[in-house]
Amino acid sequence: MAPLEGSGSLYEVAQSENQYVETASTGSARRGRKFRWWRLVVLGLAGAYFLIPIYAGLKFSFENVAGHFSFQAFRNLPSAPGFTAALSLSLKLALVTVVASTVLMVPTSIYVHVRVPRLRRILDVVTVLPIVIPPIVLIIGVLGAFPLWAKSSPYLLSFMYVILAMPFVYRSLDAGLGAIDLKTLTEASRSLGGNWIKTLWRVILPNIRPALLSATVLTLALVFGEYTMASLDLWQTIPVWIVQFQVSSDGNIQVAASMLGLVGTWILLIIVVSLDRSQSRRSRRKLGAS
Amino acid sequence: MTQTRETLGSTSQTPPSQPLGAEVRLESLVRTYGNVRALDGLSLTINPGEFMALLGPSGCGKTTALRVLAGFEILDGGRVVVDGVDLSDVNARKRDMGMVFQSYSLFPNMNALNNVAFGLRMRKQSGPVRRKKASELLEMVGLADQASKYPHQMSGGQQQRVALARALAIEPRVLLLDEPLSALDAIVRAELRDQIRSLQQRLAITTVFVTHDQEEVLSMADRVCVMSRGRIEQVAAPAELYERPATAFVAQFVGISSRVPVVVVGGELELFGQKCAVRRGESTSVSGPGDALLRPEDVAVTVDPGGQGFVTRKSFLGAMTRLVVQVGDINLRVDVRSDVGSEIDLGTRVALRVVARDVLVAPRRDGSPEGTETS
Chain A
2 MAPLEGSGSL YEVAQSENQY VETASTGSAR RGRKFRWWRL VVLGLAGAYF
52 LIPIYAGLKF SFENVAGHFS FQAFRNLPSA PGFTAALSLS LKLALVTVVA
102 STVLMVPTSI YVHVRVPRLR RILDVVTVLP IVIPPIVLII GVLGAFPLWA
152 KSSPYLLSFM YVILAMPFVY RSLDAGLGAI DLKTLTEASR SLGGNWIKTL
202 WRVILPNIRP ALLSATVLTL ALVFGEYTMA SLDLWQTIPV WIVQFQVSSD
252 GNIQVAASML GLVGTWILLI IVVSLDRSQS RRSRRKLGAS
Chain B
13 MTQTRETLGS TSQTPPSQPL GAEVRLESLV RTYGNVRALD GLSLTINPGE
63 FMALLGPSGC GKTTALRVLA GFEILDGGRV VVDGVDLSDV NARKRDMGMV
113 FQSYSLFPNM NALNNVAFGL RMRKQSGPVR RKKASELLEM VGLADQASKY
163 PHQMSGGQQQ RVALARALAI EPRVLLLDEP LSALDAIVRA ELRDQIRSLQ
213 QRLAITTVFV THDQEEVLSM ADRVCVMSRG RIEQVAAPAE LYERPATAFV
263 AQFVGISSRV PVVVVGGELE LFGQKCAVRR GESTSVSGPG DALLRPEDVA
313 VTVDPGGQGF VTRKSFLGAM TRLVVQVGDI NLRVDVRSDV GSEIDLGTRV
363 ALRVVARDVL VAPRRDGSPE GTETS
């Protein structure tokens, strides 16, 4: 989970996905370049920087107390004290955050694109604010301002996660909506008798599905990696559990939980990138056809 | 107009049973964007079953007028009346107007059949009825074999034909075409132009077509409404528009005109030593100095070593060759048959003769005396 904690990495993922088509179009030019040994060195160093800690984590989680290869840590994970409750809470928070974020951001983004495109620049700035404002400032402000009944519910965290996820969700949706001729499609649907709900459901959402999926995965990754707010709000989500379990008990189980989270997030990201690739292949074919 | 309407989707030539398309009245339309009046009191009546083209340069308000009719723009003044019913405040989705857009507007997530059936689905028609009708319409536009193709698998021309079928599927009262051919290459454009016109005539559906392409307008429309700065310059049949432009703007915008400085005296002018009548219309108010607006076919040339001008350019256009003849400091465009043109070399002196019945005269324009060309 640790690599996902920093919001900067998620932001980069969102940006790199948005630039996929652009990168793909320059691919043939890149293939023609000559081999340079220092490129391999840079790639090797960067790879080592990322892979060595993961390798160490995986190795540690697959070892028993005697130092031999074993699945014991993964087998013991479900029965570890507090793990199931923490996982359950994180899943519930993730679900509520994804739903709330989608319900809030999808209509807003579409409205801005179709009706008031000049507001896009303002929204660009506003949605970056959660990256600029440290999470600790946000949680202290919220805990000071909200009434007790709100603070006693874990779903207050979801409220804050929606804000934290806003930069990634908005950028994914913005890129998805920018990739289609939204105004013309909307007008075509309306001229054929479609109301706003049917237009949204049958025309817009199916055509921004990769963007929606990307926003969802990034939100899930954020919720499963966020530690500061959850710990200060005294709720034991998976990241909080990992830290607390490490202090009190078996380190192998804690690392195994981190590795599971990491692999799960990678699988989700691979799904998103694959969908984006198929989408851009379609776009390229379309360009070729016309 | 004695035409009646054939049932949509029917490919037979059975006697039509439905009434004519709708009558459309645009009454004193006003639409402003900030300080710009995109529509400045535009009034126009389109007859049932008529193919009306809105023609004009960019920013003249033609697309705004179409979007007002479709219900996509809110009016600042005036009314849109269809078959006697004021639709000014009616939502776009309830206006029963089929529209084909300039950009490819097919829904990318649906195949051709589902695209065509979309409007019927919105009207809650059953699945089998939708599919049957959509198939008939695809057959009508010659794309029966493309029903399962998605937009990205079709060419631009095919996509616009599916878009046309989709617009017709809802049996609209008015068909709106917003420069549907502008993104297509020349051959496909010509084919689709003929197909649209043929379908429109067969279905007798009132059609409003926006374009800046004169060739499209002259070959397709029953009448053409030439617009400039949110107002109508002239509404006329294509031939009349070309042969009898009411204003200097129309003369310059439709076809090619060369401006030649003249002096009008008593409704007459002298051009290349020849007396000519001044065309009646807006220009009759011109007296004294003015500019004669000459079409390339209004003037004939003959090789003459003592002629008034000499040939400076030649452009082969197929059956005709266009010469640019310099007379003093004026460049005049003249069309001659290509077999004649091939025998006239650059620099050849030629005599000019006006062959038009009368000549349109516009108020004198300051600036270069270079013949004005609009294509």
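Here the protein sequences line up with chains A and B, keeping their order. Residue numbers 2 to 291, in my numbering, belong to the letters of the first sequence in order. Residue numbers 13 to 387, in my numbering, belong to the letters of the second sequence in order. Note that the Cβ used here is the ideal one computed from N, Cα and C, for glycine as well. Just so it is clear, the structure is predicted and the values come from calculations on it, not from any experiment.
In this structure, does DSSP put L38/B in helix, strand or coil?
In the displayed model, L38/B falls within a strand according to three-state DSSP.
For G131/B, which residues in chain A fall below 7 angstroms Cβ to Cβ?
L193 and G194
In the structure shown, what three-state DSSP assignment does T296/B receive?
With a pLDDT of only 48 at T296/B, under 50, the local geometry of the prediction cannot be trusted, and the value read off the model is given with reservation. In this structure, T296/B counts as helix in the three-state DSSP scheme.
For E183/B and L176/B, what's the separation of their Cα atoms in angstroms?
11 angstroms
What residues in its chain sit with their C-beta under 8 angstroms from that of I140/A, if we drop five residues either side in the sequence?
Leaving aside the five residues that flank I140/A on each side, the residues in its chain whose CB is nearer than 8 angstroms to its CB run, in chain order, M161, T229, M230, L233 and D234.
Short Cβ contact (7 angstroms threshold) for T187/A with T200/A
Yes, the pair counts as a contact, with Cβ atoms nearer than the cut-off.
When you compare the CB of V22/A with every CB in chain B, is at least one pair closer than 7 angstroms?
Residue placement at V22/A is poorly supported in this model, since its pLDDT is 39, which falls under 50; the coordinates still yield a value, given next. Not closer than 7 angstroms to any Cβ of chain B, the Cβ of V22/A fails to qualify, so no.
Identify each residue in the stretch 119-145 of chain B for which the Cβ-Cβ distance to at least one residue of chain A is less than 7 angstroms, and report them in chain order.
If you check each beta-carbon in the stretch 119-145 of chain B against every beta-carbon of chain A, the ones closer than 7 angstroms belong to F119, P120, N121, F130, G131, M134 and R135.
Quick check on this structure: which residue in V112/B, P317/B, V362/B and L99/B has the alpha carbon closest to the alpha carbon of D190/B?
V112/B
CB contact below 7 angstroms: D175/A versus chain C
Protein chains in the displayed structure are A and B, and chain C is not among them.
Quick one, which of Y162/B, G300/B, V42/B and V48/B has its alpha-carbon nearest L78/B's?
Checking every option, the nearest Cα to that of L78/B belongs to V42/B.
Kindly list, in the order they appear in chain B, the residues whose Cβ is closer than 8 angstroms to that of I181/A.
P120
Taking the C-alpha atoms as reference points, what is the distance between Q207/B and V153/B?
8 angstroms
Name the DSSP beta bridge partners of Y228/A, please?
According to DSSP, Y228/A bridges with nothing at all.
Which of helix, strand or coil DSSP assigns to F322/B:
strand
According to DSSP, which residues form a beta bridge with D370/B?
A289/B
Would you mind sorting R37/A into buried or exposed? The rule is 16 or more other CB atoms within 10 Å of its CB.
exposed
Could you say which of D225/B, E62/B and R241/B lies nearest to A50/B if we only look at CA atoms?
R241/B
Between which two residues does the alpha helix (DSSP H) carrying M424/B extend?
With chain B covering only 13 through 387, there is no way to say anything about residue 424/B.
Rounded straight-line distance, which links the Cα of S275/A to that of G168/B
Rounded to whole angstroms, G168/B and S275/A show a C-alpha spacing of 27 angstroms.
From V264/A, T266/A, D182/A and L96/A, pick the residue whose C-alpha is nearest to that of H114/A; which is it?
D182/A
Using a threshold of 7 angstroms, state whether the C-beta atoms of R105/B and G194/A are closer than that.
yes
Pairwise C-alpha distance: L269/A and D225/B:
So the two alpha carbons sit approximately 51 angstroms from each other.
In chain A, what lies closer than 8 angstroms to M109/B by C-beta?
S192
If you count every other CB in all the chains shown that lies within 10 Å of the CB of A86/A, and 16 or more means buried, which is it?
exposed
Contact with chain A by S117/B, beta-carbon distance below 7 angstroms
S117/B counts as touching chain A.
How do the stretch 231-247 of chain B and the stretch 327-342 of chain B stand: do at least 3 beta-carbon pairs fall below 8 angstroms, yes or no?
no
Taking 8 angstroms as the cut-off, does the stretch 60-70 of chain B touch the stretch 218-237 of chain B (at least 3 CB pairs, one atom from each stretch)?
yes
Check whether the stretch 263-272 of chain B touches the stretch 79-87 of chain B, taking contact to mean three or more Cβ pairs, one atom from each stretch, closer than 8 angstroms.
no
Spatial neighbours of L292/A in its chain, beta-carbon cut-off 7 angstroms, leaving aside the 5 residues before and after:
Look at the range of chain A in this structure, 2 to 291, and you will see that residue 292/A is not part of it.
Bounding residues of the alpha helix (DSSP H) (the contiguous stretch that carries T187/A):
For T187/A, the enclosing alpha helix (DSSP H) has its first and last residue at L183 to S192.
Taking C-alpha atoms, which residue in A222/A, A258/A and V218/A lies nearest to I272/A?
V218/A
For A146/A: DSSP bridge partner residues:
Note: A146/A sits in no beta bridge, so no partner.
Could you check whether the Cβ of V204/A sits closer than 7 angstroms to any Cβ belonging to chain B?
yes
Closer than 7 angstroms by beta-carbon distance: list the chain B residues that pair up with T185/A, in chain order.
F113, S115 and S117
Just list the residues that DSSP pairs L364/B with in beta bridges.
Paired residues: V313/B.
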